[in-house]
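Please read the structure below before turning to the comments.
In the numbering used here, the protein residues as written are 1149 to 1357.
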């Protein structure tokens, strides 16, 4: 895609931040930039990115892909939200970032789907148990490189067990606001299912964006 077309291609962004640390999942501890796209209809009650009520009051801006590329600093870019897959420009944004020699990760609920370039790392954090109106798309179960399950009451892994593919790492992430209660639940699940791993939102413990 030529530069002039990237100038014309725009996308709705809530915020970006550079040279931070990926705090979750298999890539925790990696130096990354974040592009947080705007919008999500799932409305998880414990959402920590502002979409528990749909996010209608959150600040956002429309940005060209060229401008987003100019902001990049780290070797990996995480595209999150909100829900990235509601944006039809997502595949083109990924391709443009990959063309700079960077790696790309997407964090998604899996409720929406569109093809993205094969090198993109897809982290699926399913929310169907929270809102059955937004089941995980079969294409996302098939494409996910890892599955990250937020633990609130401990029943969540069993809810998704039939969909978990051999060889795809499953991380258990204690819900942050109730971590005094949810961390012990996640540890007990880990003891009973040592094939899983623990994800503790490292960025919140070290207090970086």
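Even glycine gets a Cβ: it sits at the ideal position worked out from N, Cα and C.
Do the CB positions of residue i and residue j come within less than 9 angstroms of each other?
i	j	result
residue 1183	residue 1169	no
residue 1359	residue 1210	Shown here, the chain extends from 1149 to 1357; a query on residue 1359 therefore has no answer.
residue 1229	residue 1256	yes
residue 1196	residue 1325	yes
residue 1272	residue 1213	no
residue 1297	residue 1320	yes
residue 1336	residue 1307	no
Shortest alpha-carbon distance to residue i belongs to which of the options?
i	options	result
residue 1220	1166, 1299 and 1290	1166
residue 1317	1324, 1336 and 1342	1342
residue 1351	1156, 1319 and 1171	1171
residue 1315	1329, 1199, 1294 and 1346	1294
residue 1292	1267, 1277 and 1281	1267
residue 1234	1178, 1249, 1258 and 1326	1258
residue 1261	1286, 1196, 1202 and 1310	1286
residue 1253	1242, 1263 and 1237	1242
residue 1263	1238, 1250 and 1244	1238
residue 1246	1231, 1225 and 1232	1225
Based on the DSSP output, what are the partners of residue i in its beta bridges?
i	result
residue 1296	1319
residue 1269	1253
residue 1161	1185 and 1209
With 9 angstroms set as the bound, which would you pick, yes or no: does the beta-carbon of residue i sit closer than that to a beta-carbon of chain B?
i	result
residue 1181	Absent from the structure: chain B. Only one protein chain is present.
Complete beta strand (DSSP E) runs within the stretch 1181-1250 (minimum length 3 residues, chain order): Within the stretch 1181-1250, complete beta strand (DSSP E) segments of at least 3 residues are found at 1209-1212 and 1224-1228, given in chain order.
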